[in-house]
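S.K.:
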Amino acid sequence: MRLFYFSFFASAAVYLGYLLTLPEFLVEDKPYSIPVELSALLKALPIISLACFCQTSYASPCINSLRNFVTFGLFASALGDVFLELDNDKYFVHGLGSFLLGHLFYIGVFSVSSVPGCRPVSRGKKLFSGVILASFYVSIFFNILLPNLRKTGREDFIFPVAFYALVIVGMTWCAYIRGESRGFVGAGMFVISDFLLAWNKFVQPISYGHRYVMATYYMAQLLITLSSTISISEYVQKTGGKTIDAQKTPTKSEKVKKRRTRIA
1 MRLFYFSFFA SAAVYLGYLL TLPEFLVEDK PYSIPVELSA LLKALPIISL ACFCQTSYAS
61 PCINSLRNFV TFGLFASALG DVFLELDNDK YFVHGLGSFL LGHLFYIGVF SVSSVPGCRP
121 VSRGKKLFSG VILASFYVSI FFNILLPNLR KTGREDFIFP VAFYALVIVG MTWCAYIRGE
181 SRGFVGAGMF VISDFLLAWN KFVQPISYGH RYVMATYYMA QLLITLSSTI SISEYVQKTG
241 GKTIDAQKTP TKSEKVKKRR TRIA
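Put into structure tokens, the structure is as follows:
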């Protein structure tokens with residue numbers, strides 16, 4: 001666990017430290033002081049370290065699916081990091097598609113609530129939160145993103161951005177109704193990071209915006225990873241070291257035998 005924290009925070013600190021060397025306003029091409037390939041690797045390294053940590057966590061049939069979905073989501077995000085670092089416009093849709101795939105994996109993760117720490121919300125809260133997030137999506141996209149995409153001559157980005165925004169809002173909703181705080185906060189920080197990125201790129205440059213985008217992004221990925229891997233650890237601790245495969249659902253004959261034993 002300590003090695004994981006060190007590798008993640010150290011690699012994140014290296015890339016964020018590199019961003020400190022860049023100009024205050026950074027929208028399109030970065031004035032690289034290092035090769036772009038190295039910059040892309042440094043950017044993706046913290047996410048790759050999270051994926052490696054996720055794959056070394058406890059395993060069992062149900063948890064394996066959960067763990068693998070998180071890992072696939074992280075690797076898809078790392079690929080998106082590389083695309084966005086190589087060229088802001090040329091590979092923007094490729095990067096967007098990679099992150100969209102990652103969010104679909106995260107939706108799969110947040111759809112599983114049968115792990116410790118998850119307390120699914122009531123039907124009323126599901127409906128209310130869905131209305132709030134849908135209103136947020138409509139307001140942000142149609143009042144901010146759509147006009148500025150047209151204004152900057154990026155009409156080709158309208159559908160990809162609209163669909164991506166819909167998926168990330170859906171991912172946040174799934175994280176909320178799952179009832180696990182780390183995942184929900186992580187999803188929320190992902191939305192904040194992407195909103196800052198979109199505002200910085202399509203609306204108006206933000207002073208040191210690239211630093212805020214990456215800081216919130218790394219924290220989002222960390223929390224989403226911990227929302228599943230720590231739950232795995234908690235499960236193993238609560239079951240005395242047994243994994244889910246050690247607690248298989250009894251067969252019909254086993255149930256009959258157990259019932260007869262109780263009667264006797």
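Numbering (the UniProt record's numbering), first residue to last: 1 to 264.
All residues carry an ideal CB built from backbone N, CA and C; glycine is no exception.
Mapping DSSP to helix, strand and coil, what is proline 46?
M.R.: Proline 46 falls in the helix class under three-state DSSP.
S.K.: Among the residues of its own chain, which have a CB less than 7 Å from the CB of serine 227, if the five just before and after it don't count?
M.R.: Within the same chain, serine 227 has close Cβ partners Glu180, Arg182, Gly183, Gly186.
S.K.: Skipping 5 residues on each side, what residues in its chain have a beta carbon closer than 7 Å to that of cysteine 174?
M.R.: Taken in chain order, the residues that qualify are Ile107, Phe110, Ser111.
S.K.: When you compare each of Phe163, Arg119, Leu101, Leu42 to phenylalanine 8 by their alpha carbons, which one comes out closest?
M.R.: Closest by alpha carbon: Leu42.
S.K.: Quick one: is residue 275 buried, meaning 16 or more other Cβ sit within 10 Å of its Cβ, or exposed?
M.R.: Because the chain is modelled from 1 through 264, residue 275 falls outside the range shown and cannot be assessed.
S.K.: Give the DSSP-derived three-state secondary structure of lysine 90 in the structure shown.
M.R.: Here lysine 90 sits in coil by DSSP.
S.K.: Does DSSP classify serine 122 as helix, strand or coil?
M.R.: Coil at serine 122, not helix or strand.
S.K.: Counting C-beta neighbours from all protein chains within 10 Å, is the total for isoleucine 244 16 or more, i.e. buried, or is it exposed?
M.R.: Any answer about isoleucine 244 is weak, because its pLDDT of 43 lies below 50 and its placement is not dependable; what the coordinates show is given next. By the 10 Å Cβ count, isoleucine 244 comes out buried.
S.K.: Ordered along the chain, which non-local residues of its own chain (more than five positions away) have a Cβ less than 6 Å from that of leucine 100?
M.R.: Once the five neighbours on either side are set aside, the close Cβ partners of leucine 100 are Tyr164, Val167.
S.K.: Between which two residues does the alpha helix (DSSP H) harbouring phenylalanine 8 extend?
M.R.: Looking at the DSSP string, the run of the alpha helix (DSSP H) that includes phenylalanine 8 is 2 to 19.
S.K.: Below 8 Å CB to CB, which residues in the same chain sit around alanine 40 once its five sequence neighbours on both sides are set aside?
M.R.: Excluding residues within five positions, the ones whose Cβ falls inside 8 Å are Asp81, Val82, Glu85, Leu86.
S.K.: As an exercise, report each continuous alpha helix (DSSP H) stretch of at least 4 residues that is fully enclosed by the region 108 to 193, in chain order.
M.R.: Listed in chain order, the complete alpha helix (DSSP H) runs (minimum 4 residues) inside the region 108 to 193 are 123 to 140, 146 to 151, 158 to 178.
S.K.: Are the region 44 to 51 and the region 66 to 80 in contact at 8 Å, needing three or more beta carbon pairs?
M.R.: Yes, the region 44 to 51 is in contact with the region 66 to 80.
S.K.: Have a look at Val121, Trp199, Phe195, Leu3 and flag the residue whose alpha-carbon is nearest the alpha-carbon of asparagine 148.
M.R.: Asparagine 148 has its Cα closest to that of Trp199, out of Val121, Trp199, Phe195, Leu3.
S.K.: Report the option in Ile224, Ile177, Met219 whose CA atom is closest to the CA atom of serine 193.
M.R.: Nearest of Ile224, Ile177, Met219 to serine 193, Cα basis: Met219.
S.K.: Return yes when the Cβ of glycine 153 is within less than 8 Å of the Cβ of phenylalanine 105, no when it is not.
M.R.: No, they are not a contact pair.
S.K.: Helix, strand or coil for isoleucine 224, going by three-state DSSP, please let me know.
M.R.: Helix.
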